[in-house]
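**Q** This is the structure, below, for whatever I ask next.
2 protein chains.
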Amino acid sequence: MTRTNSAIDHLACPKCGAVYPHHLPAQLFACGSPLLVRYDLSKAGESLDKSRLQDRATDLWRYKELLPVEWEENIVTLGEGFTPLLPLTRAGAAVGVDALYLKDEGVIPTGTFKARGAAVGVSKAKELGVRTLAMPTNGNAGAAWAVYGARAGIDVKIVMPEDAPVITRNECAAAGAGLYLVRGLISDCGKIVARSVAGHGWYDASTLKEPYRIEGKKTMGFEIAEQFAWVLPDVVLYPTGGGVGLIGIFKGLTELQALGWIGGKLPRLVAVQAEGCAPIVRAFEAGKPASEFWENAQTVAFGINVPKALGDFLVLEAIRATGGCAAAVGDAEILAALSELARSEGVFLCPEGAALYAAVKKLRGQGWIAPQDRVVMLNTGAGIKYPDTLHFDAPYLGLNDTL
Amino acid sequence: MTRTNSAIDHLACPKCGAVYPHHLPAQLFACGSPLLVRYDLSKAGESLDKSRLQDRATDLWRYKELLPVEWEENIVTLGEGFTPLLPLTRAGAAVGVDALYLKDEGVIPTGTFKARGAAVGVSKAKELGVRTLAMPTNGNAGAAWAVYGARAGIDVKIVMPEDAPVITRNECAAAGAGLYLVRGLISDCGKIVARSVAGHGWYDASTLKEPYRIEGKKTMGFEIAEQFAWVLPDVVLYPTGGGVGLIGIFKGLTELQALGWIGGKLPRLVAVQAEGCAPIVRAFEAGKPASEFWENAQTVAFGINVPKALGDFLVLEAIRATGGCAAAVGDAEILAALSELARSEGVFLCPEGAALYAAVKKLRGQGWIAPQDRVVMLNTGAGIKYPDTLHFDAPYLGLNDTL
């Protein structure tokens, strides 16, 4: 067995401040809040050197000291992370932003950012001796946990709305997970999972009900910092359903600040939602610390069709702490943005990612984004997972035709 | 303008030996053979140092000296290359191979290895001043050239069999390419393209009809060498339709040999085809230098449903020169291999990639692969592009059910 040099120290409750040991499987804390991982950052700094990162693996495990897995043998990887950061020059010019970038999480195993959370979450579950885990999902998270679970030898149960992308069913089933469909929303699936884990003693891998998924996702923040050579951009937009990606980026950047690797000013974080399901936006605008359940949630961006997120208070904290905001865009704007980006830049995004470009337009129009701001859109998944989002008719040619 | 330090020197015909300048758009040579790019390797060696590669971009452009693009400004990139190399311990043990690896080209823009050829091919087309290009495709190559073409600002015309994966139509159309469907095979599409480019003076980007696509694909060979720390594996299997990937790997490894970066012994290259379309296998077994058109070609692995490849003679040369072979597997074996790999390793491959595992089983059974051989399977694309390849039924739960 080989140590990773992980500087994990303990788990902490961000609501009541309680401390919990990290050697035992943990779920929500007794007060009902998610637990977060805390590190001994001075220990991490002993072996982690930002000027030597280029000698490390070109995946998220390059930041091992700041990840929770303590033994190399427990790392379950499919090569996830260190995704491309692409300048979008034409698309930026079209909306009056000088420096617009795309961080493309389509270029990762399973085709979505969910691979990060699954890689770290499953690895730590393996380290903690978990045999069976269960979770509700809007599709992509379940697919990711199913394939990483298969690679780890952990039994996985997935409960998914029937409206989730069909390909994600195949990923779960092919990987040998137990797959169950529900005529309802992810919140309905979550209730079924909560009852089931209680009955069987399974590990509940629902969003934020275990503390380690967010640790995988925070590496998006590490990578943004490293890819910008430690001089952070001004604005980062994130499509927000459960919100773990945004919370993770904030957590990651805060850790880099504490290490002294980046300055005091963080990017303004923007939570982007769909007008058909915008509980965080409503809470932000009302100045509230948490959101309310959004009735009759519906949007073409299915991954952010989350009517009430367990971590809503952490999302709201992160956007307020950074001077960010929350913005909602309509389905028609999302579909238009998807096509515009494909034509102008050759990037084919998931609808959730495309929503960010619609939000950039809106926020630039309102003056909230300035022309000289350096703006990053975090595309959470590959457009190729969504064959039904756009519809095109193509002409047929006969064998003897010529264009 | 900034020079890339490309060591491109000229184009050469591998059939008749003729030399052709690289400053002009080139198609097939007058003798009917593809042209290949030749480099001044001593010039390349001046700035390319294998011990300093880790300081370079983590994509295929890290090997710029050995790529044909001469000016940085012409590079059209979506962050392609340096894909994961994964050990498949359980899957190897299941078939009696101690060291089985997967090089996973699913983790790349557009989800298939076609991105490599398109990135380099489109970049060089831009450098050469191409305004419009056209090509036939079984789907994934067309999708890749369409999105890279959009990023380059080049007009792209794609002709595709109606049986090609539906998602690839969306990628082409969303990127603004002219998309045309044909009730026939890629060979039928190729004839339409040939007539059309002749009429309009377009650039013909068909497989091997322009010399630069292969330059992108050869970087798979560079990466295998680098990821194995310059001590090459014993066997590399490749799903073979047009065969450019295999030819490219051979070309890349030969260039590394000439640079003195690797020893004299190359991996045995294996061309894997489907029993329903195996022209290279038939030619290999008959000891012939080229293949014959395969009538009534059909297989679930649509990407290798190529009845006659223009570069067949180069594929046969590469496998013979390395002591490799050609092997055909049935559709049922391909589908079984796809499921087995997903369950045992958490890797969800395209059917073409899964065919390789079926071939490993067969060749191990015949003793052609030895237990101690280090074996690499080159998965050419992500399983998520193929929602219709596998079929699963999942049970429904009611809102009040418990697992």
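Residue numbers (the numbering used here), protein chains in the order written: chain A, 1 to 403; chain B, 1 to 403. From the three backbone atoms N, C-alpha and C, an ideal C-beta is built for every residue, glycine too. Computed from a prediction, not measured in an experiment: that's the story for all the values here.
#1: Given this structure, state the Cα-to-Cα distance separating A:His200 from A:Val193, to the nearest angstrom.
#2: Checking the sheet assignment: what are the DSSP bridge partners for B:Arg56?
#3: Of the choices A:Leu246, A:Leu78, A:Glu127, A:Arg90, whose alpha-carbon is the least far from that of A:Met1?
#4: When you compare the segment 267-278 of chain B with the segment 299-308 of chain B, are there three or more beta-carbon pairs, one atom per stretch, that lie closer than 8 Å?
#5: Report the residue from A:Gln298, A:Val281, A:Arg38, A:Ser206 whose alpha carbon sits nearest the alpha carbon of A:Ala290.
#6: Under 9 Å, Cβ to Cβ, is there at least one residue of chain B near A:Val147?
#7: Closer than 7 Å by C-beta to B:Ala327: which residues in its own chain qualify, once you throw out the five before and the five after it? Chain order, please.
#8: Any residues in the segment 10-39 of chain A with a beta carbon nearer than 7 Å to a beta carbon of chain B? Which ones, in chain order?
#9: With 9 Å set as the bound, which would you pick, yes or no: does the beta-carbon of A:Gly79 sit closer than that to a beta-carbon of chain B?
#10: Express the C-alpha separation of B:Asp204 and B:Ile154 in angstroms, rounding to a whole number.
#11: Mind the definition here: the segment 209-225 of chain A touches the segment 116-130 of chain A only if three or more C-beta pairs lie below 8 Å; say whether that holds.
#12: Can you list the residues of chain B that A:Gln298 reaches, using a CB-CB cut of under 8 Å?
#13: Once you ignore the five residues that flank B:Leu88 on each side, which residues in its own chain have a CB closer than 6 Å to its CB?
#14: Rounded to a whole number of angstroms, what is the C-alpha to C-alpha distance between A:Arg48 and A:Glu65?
#15: At a Cβ threshold of 9 Å, is A:Ser123 touching chain B?
#16: Tell me which same chain residues have a C-beta within less than 6 Å of the C-beta of A:Pro233, skipping the five on either side of it?
#17: For the candidate residues A:Ala382, A:Tyr148, A:Phe82, whose alpha-carbon lies nearest to that of A:Asp111?
#18: Please look up how many angstroms separate the CB atoms of B:Tyr396 and A:Leu181, rounded, as I've assumed it's under 8 Å.
#19: Would you check if there are 3 or more beta carbon pairs closer than 8 Å linking the segment 135-152 of chain B to the segment 168-176 of chain B?
#20: Excluding the 5 residues flanking B:Gly330 on each side, which residues of the same chain have their C-beta closer than 6 Å to its C-beta?
#21: Locate the beta strand (DSSP E) running through B:Leu266, then write down its first and last residues.
#22: Count the other CB atoms within 10 Å of the CB of A:Arg52; is the residue buried (16 or more) or exposed (fewer)?
#23: Three or more C-beta pairs closer than 8 Å, one from the segment 71-79 of chain B and one from the segment 331-350 of chain B: is that the case here?
#24: Find the nearest neighbour of A:Ala318 within the set A:Ile224, A:Val166, A:Tyr357, A:Tyr238, judged by alpha-carbon distance.
#25: Provide the residue span of the alpha helix (DSSP H) that contains B:Ala301, from first to last.
#26: Please decide whether B:Lys385 counts as near chain A, where near means a Cβ-Cβ distance under 9 Å.
#27: Please state whether the Cβ-Cβ distance between A:Ala18 and A:Cys31 is less than 9 Å.
#28: Spell out whether any CB of chain B is found under 9 Å from the CB atom of A:Pro84.
#29: Determine the direct distance from the alpha carbon of B:Val156 to that of A:Lys385, and round the result to whole angstroms.
#30: Is B:Lys191 helix, strand or coil when you go by DSSP?
#31: Quick one: grab the DSSP three-state call for B:Gly367.
#32: For B:Thr58, which residues in chain A fall below 7 Å Cβ to Cβ?
#33: Are the beta-carbon atoms of B:Gly149 and B:Ile108 separated by less than 9 Å?
#34: Is the beta carbon of A:Leu378 less than 9 Å from the beta carbon of A:Ala354?
#35: Run down chain A in chain order and give the residues with a C-beta less than 7 Å from the C-beta of B:Gln54.
#36: Closest Cβ-Cβ distance between A:Glu352 and chain B: below 9 Å?
**A** In short, the structure shows the following:
#1: In the first sequence, the residue the question calls residue 200 of chain A occupies position 200. In the first sequence, the residue the question calls residue 193 of chain A occupies position 193. When rounded, the distance between both Cα atoms is 10 Å.
#2: Translated into the one-based positions of the second sequence, residue 56 of chain B becomes position 56. In DSSP, B:Arg56 forms no bridge with anything.
#3: Position 1 of the first sequence, counted from the first residue, corresponds to residue 1 of chain A. A:Met1 has its Cα closest to that of A:Glu127, out of A:Leu246, A:Leu78, A:Glu127, A:Arg90.
#4: yes
#5: Translated into the one-based positions of the first sequence, residue 290 of chain A becomes position 290. Among A:Gln298, A:Val281, A:Arg38, A:Ser206, the Cα nearest to that of A:Ala290 is on A:Val281.
#6: Counted from its first residue, the first sequence places residue 147 of chain A at position 147. Yes, contact with chain B.
#7: For this step, residue 327 of chain B is matched to residue 327 along the second sequence. Excluding sequence neighbours, B:Ala327 sits near Val270, Val272, Val281, Ala359, Lys362, Leu363.
#8: none
#9: Start at 1 with the first residue of the first sequence, and residue 79 of chain A comes out as number 79. It does; some Cβ of chain B falls within 9 Å.
#10: Along the second sequence, read from residue 1 onward, the residue named residue 154 of chain B stands at position 154. Along the second sequence, read from residue 1 onward, the residue named residue 204 of chain B stands at position 204. Taken atom to atom, the span from the alpha-carbon of B:Ile154 to that of B:Asp204 is near 13 Å.
#11: The segment 209-225 of chain A, when compared against the segment 116-130 of chain A, does touch it at the 8 Å Cβ threshold.
#12: Here residue 298 of chain A is taken as the residue at index 298 of the first sequence, counted from 1. By Cβ distance, chain B contributes nothing, its closest Cβ being about 18 Å from A:Gln298, past 8 Å.
#13: Sequence index remark: in the second sequence, residue 88 of chain B carries index 88 (1-based). Answer for B:Leu88: Leu100, Leu102, Glu345, listed in chain order.
#14: By one-based count along the first sequence, residue 48 of chain A stands at place 48. By one-based count along the first sequence, residue 65 of chain A stands at place 65. In the sequence as presented, Arg is not what sits at residue 48 of chain A; that position holds Leu. In this structure, the CA atom of A:Leu48 is about 7 Å from the CA atom of A:Glu65.
#15: As a working note, residue 123 of chain A is residue 123 in the first sequence. False, the Cβ-Cβ gap to chain B never drops below 9 Å.
#16: Taking the first sequence and counting its residues from 1, one reaches residue 233 of chain A at position 233. Around A:Pro233: Pro267, Arg374, Val376.
#17: Indexing the first sequence from 1 puts residue 111 of chain A at position 111. Before going further, note that residue 111 of chain A is Gly rather than Asp in the sequence given. The shortest C-alpha separation from A:Gly111 is found at A:Ala382.
#18: Position 396 of the second sequence, counted from the first residue, corresponds to residue 396 of chain B. Position 181 of the first sequence, counted from the first residue, corresponds to residue 181 of chain A. About 5 Å; that satisfies the 8 Å criterion.
#19: yes
#20: On the second sequence, residue 330 of chain B is found 330 positions in, with the first residue counted as 1. Closer than 6 Å at Cβ, skipping near neighbours: Glu275.
#21: Locating residue 266 of chain B in the second sequence gives position 266, counting from the first residue. First-last for B:Leu266: undefined, no H or E at that position.
#22: What you label residue 52 of chain A is simply residue 52 of the first sequence in a count that begins at 1. Counting the other Cβ atoms within 10 Å of the Cβ of A:Arg52 gives fewer than 16, which makes it exposed.
#23: no
#24: On the first sequence, position 318 is the one that residue 318 of chain A refers to. Nearest of A:Ile224, A:Val166, A:Tyr357, A:Tyr238 to A:Ala318, Cα basis: A:Tyr238.
#25: Start at 1 with the first residue of the second sequence, and residue 301 of chain B comes out as number 301. Run containing B:Ala301: none; DSSP gives neither H nor E here.
#26: In the second sequence, the residue the question calls residue 385 of chain B occupies position 385. Yes, contact with chain A.
#27: Position 18 of the first sequence, counting from 1, holds the residue named residue 18 of chain A. Position 31 of the first sequence, counting from 1, holds the residue named residue 31 of chain A. Closer than 9 Å, so yes.
#28: In the first sequence, residue 84 of chain A corresponds to position 84, counting from 1. Yes, A:Pro84 counts as interfacial toward chain B.
#29: Position 385 of the first sequence, counted from the start, is the residue given in the question as residue 385 of chain A. Position 156 of the second sequence, counted from the start, is the residue given in the question as residue 156 of chain B. Looking at the two C-alpha atoms, the distance is approximately 23 Å.
#30: Within the second sequence, residue 191 of chain B is the residue found at index 191, counting from 1. B:Lys191 falls in the helix class under three-state DSSP.
#31: On the second sequence, position 367 is the one that residue 367 of chain B refers to. Three-state DSSP puts B:Gly367 in coil, outside helix and strand.
#32: Taking the second sequence and counting its residues from 1, the one referred to as residue 58 of chain B is at position 58. Per Cβ cutoff of 7 Å: Thr58, Phe82.
#33: The sequence position of residue 149 of chain B within the second sequence is 149, counting from 1. The sequence position of residue 108 of chain B within the second sequence is 108, counting from 1. Taking 9 Å as the Cβ cut-off, B:Gly149 and B:Ile108 do not qualify as a contacting pair.
#34: Counting from one through the first sequence, the residue named residue 378 of chain A turns up at place 378. Counting from one through the first sequence, the residue named residue 354 of chain A turns up at place 354. It is not a contact, given that the beta carbons lie outside the stated cut-off.
#35: Here residue 54 of chain B corresponds to residue number 54 of the second sequence, with the count starting at 1. By Cβ distance, chain A contributes Gln54, Asp55.
#36: The residue you call residue 352 of chain A lines up with position 352 of the first sequence. No - not a single Cβ of chain B is within 9 Å of the one on A:Glu352.
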